[in-house]
Amino acid sequence: MGNKVRFLTGIIVSTFFLILLLRDIDFIQLIEVISSIQILWICAAMVPYMFALILRALRWSSLLKNSIDISFSESMSIIMIGYATNNLLPIRLGEILRAIIIEKRYATPKMQVMGTIVIERLFDGLVLAIFLTIIIATLGNSSILQPLAIVAGIGFTLGTFFIALLALKASLVRKKMHVILSFTPNKFRPYLRQWLSNFITGLLALRKLKGFVSIISLSFLSWALEAIAFWFVGLSFGLSIHPLTYLGVVSAANLAMVAPSTSGGVGPFEFFGSEMLILLGIGSATAVAFIITVHIFVLLPVTLIGLILFWRLEASSQIIGTSKWNFLRNGRSS
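Start counting at 1 in the sequence shown, then tack on 2, and there's your number in this note's numbering.
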């Protein structure tokens, strides 16, 4: 029931933002703008975008190095599979699939892998919130984007601080685990204790300053490269805004995906991304045409590559088990 509610909530939220996005759009003008794009710039945008994905794979492999000896190529493949799953299924099931694949191939507990994925997501959110705050401060206030920047900035800063504290005080947390879990039912405590312990193990890359700096640097660089890809897509539309302002477009669109939505973040991504472009002086039809195009650009290649890699990895039932594969297909937790 809970997942059905989340699924329906996602559809409602996506529909709401799509209505807001398209309510005043001249569709004839929208089609004219899309039909005038220069495809060569779209193709060129694939280069920085693929490098951004490569940096994210490097980041994840460095996070996993504390637990397993995983090659860059394998971490890249699993990340692409996870992203493809996120694009096709609701409630970010791709993150769970990544953890399941690592568990099956390396006998590493899922919660330990989830610890590394939480680090990824928090650092991504923190970097995007920083970018968005800087761009809004430079351009002036926005009644729509400023609350997004404030909420994201506070939330991701607190989240990053919390997991860093967990990593630094891992021994103390493990010693005090009986106190932390004292409010939980007795029959669940052994499982929760093991899950929490495994999760903390996944955070240990943050204990060393070198690891922290490496992760935050790769996060900044990967999103900067994605902003360059957005810039190239903007050039295909003939947009003349400053290249650095695409950091704001990337940030607004991707931070909005924290909100419940359908798979791929359809709706919030388009609405908040187009709001940033309108703040930059772009006409509404052009802004909507751009953000729809760029969303297809970031979804389609990753989804196709991820699906191919998934079926090449081995038969799905051998990788993650029939019952777990059914759980992913049906969007139900077990």
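Just so you know, even glycine gets a beta-carbon here, dropped at the ideal spot from N, CA and C.
Nearest neighbour of phenylalanine 29 by Cα position, chosen from Gly12, Thr203, Ser64 and Ala289, turns out to be Ala289. For phenylalanine 234, the uninterrupted alpha helix (DSSP H) run begins and ends at 211-238, by DSSP. Taking all protein chains in view, the Cβ of proline 245 is surrounded by fewer than 16 other Cβ atoms within 10 Å, so the residue is classified as exposed.
DSSP places glutamine 40 in the coil class of the three-state scheme, outside both helix and strand. Burial check for arginine 314: the Cβ neighbour count within 10 Å stays below 16, so the residue is exposed. Classified as buried, lysine 112 has 16 or more neighbouring CB atoms from the shown chains inside 10 Å of its CB.
For arginine 195, the enclosing alpha helix (DSSP H) has its first and last residue at 191-203.
Scanning the segment 235-291 for uninterrupted alpha helix (DSSP H) segments of 4 residues or longer gives 248-257 and 270-281, listed from N- to C-terminal end. Here the alpha carbons of alanine 151 and methionine 259 stand approximately 13 Å from one another. Residue state for proline 303 is assigned as helix, using DSSP reduced to three classes. Here serine 238 is not near leucine 24, since their CB atoms are 9 Å or more apart. Between the beta-carbon of valine 129 and that of phenylalanine 222 there is about 5 Å, and that keeps the pair under the 8 Å contact cut. Contact annotation: leucine 257 and isoleucine 284 have beta-carbon atoms that are not nearer than 9 Å. With contacts defined as CB atoms closer than 9 Å, alanine 291 and glycine 275 fail to qualify as a contacting pair.
Classified as exposed, leucine 306 has fewer than 16 neighbouring CB atoms from the shown chains inside 10 Å of its CB.
Scanning its chain for C-beta atoms nearer than 6 Å, with the 5 sequence neighbours on each side dropped, one finds around methionine 116 the residues Ala101, in chain order.
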